[in-house]
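Take a look at the structure below.
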Amino acid sequence: MNPLYDRFFAPHRDNKSVFLKLADGTALTYAEFRDRVGQIANTLLAWGLHPGDRVAVQIEKSPDALALYGACAQTGTVFLPLNTGYTADELSYFVKDSGAKLFICDPANAEALDPVARRHRAKLETLGVDGAGSLSRAANSQSPIAPTAEVQGNDLAALLYTSGTTGRSKGAMLTHDNLVSNAETLAEYWRFTSDDVLLHALPIFHTHGLFVAINVTLAAGSSMIFMPKFDIDVLLAEMPGASVLMGVPTFYTRLLDDVRLNKDVSAEMRLFISGSAPLLAETHIAFQQRTGHRILERYGMTETNMNASNPYDGDRRAGTVGRPLPGIAIKIMDTDTDTELPQGEIGQIVVRGPNVFCGYWNMPEKTAEELWPDGFFITGDLGQFDEDGYLQIVGRQKDLIISGGYNIYPKEIELLLDENPNVVESAVVGVPHADFGEAVVAYVVPTADSPPDPALLQELCRRKLARFKHPQDILLITDLPRNTMGKVQKNVLRDRYIHAKQSSVEA
Ligand code: MLC
Ligand code: AMP
Numbered sequence: 101m102n103p104l105y106d107r108f109f110a111p112h113r114d115n116k117s118v119f120l121k122l123a124d125g126t127a128l129t130y131a132e133f134r135d136r137v138g139q140i141a142n143t144l145l146a147w148g149l150h151p152g153d154r155v156a157v158q159i160e161k162s163p164d165a166l167a168l169y170g171a172c173a174q175t176g177t178v179f180l181p182l183n184t185g186y187t188a189d190e191l192s193y194f195v196k197d198s199g200a201k202l203f204i205c206d207p208a209n210a211e212a213l214d215p216v217a218r219r220h221r222a223k224l225e226t227l228g229v230d231g232a233g234s235l236s237r238a239a240n241s242q243s244p245i246a247p248t249a250e251v252q253g254n255d256l257a258a259l260l261y262t263s264g265t266t267g268r269s270k271g272a273m274l275t276h277d278n279l280v281s282n283a284e285t286l287a288e289y290w291r292f293t294s295d296d297v298l299l300h301a302l303p304i305f306h307t308h309g310l311f312v313a314i315n316v317t318l319a320a321g322s323s324m325i326f327m328p329k330f331d332i333d334v335l336l337a338e339m340p341g342a343s344v345l346m347g348v349p350t351f352y353t354r355l356l357d358d359v360r361l362n363k364d365v366s367a368e369m370r371l372f373i374s375g376s377a378p379l380l381a382e383t384h385i386a387f388q389q390r391t392g393h394r395i396l397e398r399y400g401m402t403e404t405n406m407n408a409s410n411p412y413d414g415d416r417r418a419g420t421v422g423r424p425l426p427g428i429a430i431k432i433m434d435t436d437t438d439t440e441l442p443q444g445e446i447g448q449i450v451v452r453g454p455n456v457f458c459g460y461w462n463m464p465e466k467t468a469e470e471l472w473p474d475g476f477f478i479t480g481d482l483g484q485f486d487e488d489g490y491l492q493i494v495g496r497q498k499d500l501i502i503s504g505g506y507n508i509y510p511k512e513i514e515l516l517l518d519e520n521p522n523v524v525e526s527a528v529v530g531v532p533h534a535d536f537g538e539a540v541v542a543y544v545v546p547t548a549d550s551p552p553d554p555a556l557l558q559e560l561c562r563r564k565l566a567r568f569k570h571p572q573d574i575l576l577i578t579d580l581p582r583n584t585m586g587k588v589q590k591n592v593l594r595d596r597y598i599h600a601k602q603s604s605v606e607a
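Per our numbering, residue 101 is the first one in the sequence shown, and the count goes up by one each step.
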């Protein structure tokens, strides 16, 4: 038995229908894709990988990148996808912490990442787009028929790192059963069939673009228009030939900013899905007015896959994420007393179901804190249920910024800024951003004698952190505002920044 491979890859062995429509106008059938999965699986075996070994990958979006995911499933190895924007410093932590046996990167980065792989004793191989790289080359001479590793439903299929409030990233361990159960639930809930054509413009190193988009497509045998990245011109040009779009809210605000979005261009579409960050009710309403489509908003996270969704039939309510998905329980808890709150009251959202991960890699204490013995996981999000059972997310208890659908933990940036000898302390906050929803701003308290140069601090961030984490502003401040408990009042800093911006615009 091998739940992920048996369910999503093996059945397509003789399936001659199209799996991927590619940017160069070519297409890949399911059968061709499954053969490629087999060739890459044989390559992993030839390289000495065993079930349970971690395969860390930082690669661009390509058919072979997807086939590598399938090959990890088939060989029982653990797929560890990493954001293509991460710097060598960031990657070093993931390779070390996971104990990855194999690290696959883009050929263009191989030289720079060789020291990282050597330091942590990982074998470094490459995979580029268009068949470049040592993995693709090695796979070309392998048989498409590979042995399928015997794994159980509770064995690990993937390790996805999510940053933590302490600044240290945590590896969320996702099992075969987690991934299979959630994709099957979603495919049915959103009525996916083999007639569907999904517009795939998301990155494939996160839950949204990988497990939601790819697994749901594989589960239903649908096709995908597989775009290298979000590109508004390509998206609008392809829309008449597609039926579903999955996107973060920035996709929808950018579409609305484009006059070419109208009822005609979206006439063949049956479903627009949004998630990963809050979709403003005004975006939902404007989209409906322009296209006649009601965006279906859902709620999920790395540790749990998808938890709640607006209905396919029935009322899709703007500003809510719908009801718990079938088989998934969601409760609203009082954070002080750990008791469940009645409908209508705001509290911490906790989730239980076959979708919920089995813990953080090598972090038993952290796992025990957030994953209770009764199976409920503390999401760190705050919400309330309305009288019809629709969940509304009203805020976050965790200190987190979401920019264009990417999560940024302020603590990670604060720790970096605090390393500068001329910085006493710092506070990083999320401020409204018209395109990305939120942007990063850092406040820094300088030492009395020699204040740091904000330009040098920016340079430090550029060197150490992925682009999407860079502060748009770094500002000096004499003291951080604190409440009576001594906790930094980030809301005060946020308001101060917004107010200063407004004043400068008015002036
Ligand atoms: C790009 N930039 C960003 C950014 N994306 N900065 C902050 N936040 C982001 N998300 C930077 C670029 O490097 C560039 O810098 C500048 O901003 C302008 O870039 P752009 O060309 O306009 O951006 P683009 O490449 O079009 O990307 C925007 C985007 C992309 C929204 C399409 O970020 C994206 O695909 N986001 C999806 C994230 C996602 O998949 N999240 C799912 C997580 S899973 P410069 O220096 O070049 O000007 C999860 C669970 C769940 O959350 O529920 O789904
Ligand atoms: P990640 O850790 O990248 O998986 O991000 C998960 C977080 O994204 C959740 O805990 C929420 O805070 C946020 N999120 C996901 N979907 C939504 C949504 N529809 N509305 C608001 N926040 C969301």
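We put the beta carbon where it would ideally sit given N, CA and C, even for glycine.
8 Å Cβ shell around residue i - same chain, five flanking residues per side excluded
i    : result
V118 : A127, L128, T129, Y130 and S323
L356 : T383, A386, F387 and R390
E160 : T184, D206, G228, V229 and P328
P546 : N522, V523, V524, P552 and L576
N115 : T129, Y130, A131, R134 and G321
N362 : R390 and T391
L482 : I446, G447, Q448, I449, I493, V494, G495, R496 and Q497
Assumed close pair residue i, residue j - CB separation to whole angstroms, cut-off 8 Å
i    : j    : result
T404 : N455 : 5 Å
L180 : L191 : Not really, about 11 Å apart at Cβ, beyond 8 Å.
A337 : L299 : In fact, because the Cβ distance is near 11 Å, the residues do not count as touching under 8 Å.
N102 : V251 : 5 Å
S374 : P349 : 6 Å
For residue i, three-class secondary structure by DSSP
i    : result
M327 : coil
Y412 : coil
E538 : strand
N315 : helix
S117 : coil
M339 : helix
V297 : strand
F351 : helix
R134 : helix
R562 : helix
F477 : strand
G533 : Gly is not the amino acid found at residue 533; the sequence shown has His there. In the structure shown, H533 sits in a strand (DSSP, three-state: E or B).
V365 : coil
Pair within 8 Å by beta-carbon distance, residue i and residue j
i    : j    : result
F536 : G495 : no
L279 : V178 : no
Y105 : F194 : no
D296 : H276 : no
A527 : L441 : no
A156 : R136 : no
G400 : N407 : yes
S376 : L396 : no
D153 : K196 : no
I501 : P510 : yes
F109 : L274 : no
Y490 : V531 : no
V365 : M346 : no
I513 : C561 : yes
G459 : Q484 : no
A272 : G176 : no
L145 : A246 : yes
F203 : L235 : no
T285 : L425 : yes
Residue i - partner residues in DSSP beta bridges
i    : result
C205 : Q158 and T226
A239 : According to DSSP, A239 bridges with nothing at all.
S503 : Y506
Y399 : A408
Y543 : A527 and L575
I430 : V451
F372 : L345
P303 : According to DSSP, P303 bridges with nothing at all.
L259 : M273
G483 : G447 and I493
L122 : F326
T129 : V118
Beta-carbon contacts of residue i that lie in its chain and below 7 Å, excluding the five residues immediately before and after
i    : result
R567 : G185
Contact test: residue i Cβ vs ligand 3 heavy atom, cutoff 7 Å
i    : result
M401 : Absence of ligand 3 is noted for the structure shown, with ligand 1 and ligand 2 being the only ligands found.
8 Å Cβ cutoff, residue i in contact with chain C
i    : result
I513 : In the displayed structure, chain C is absent; only one protein chain is listed.
Own chain, CB closer than 6 Å to residue i, minus 5 neighbours either side, in chain order
i    : result
R452 : A429, G475 and F476
Y543 : A527, L575, I577 and L593
G231 : none
E368 : P340
S269 : Y261 and S263
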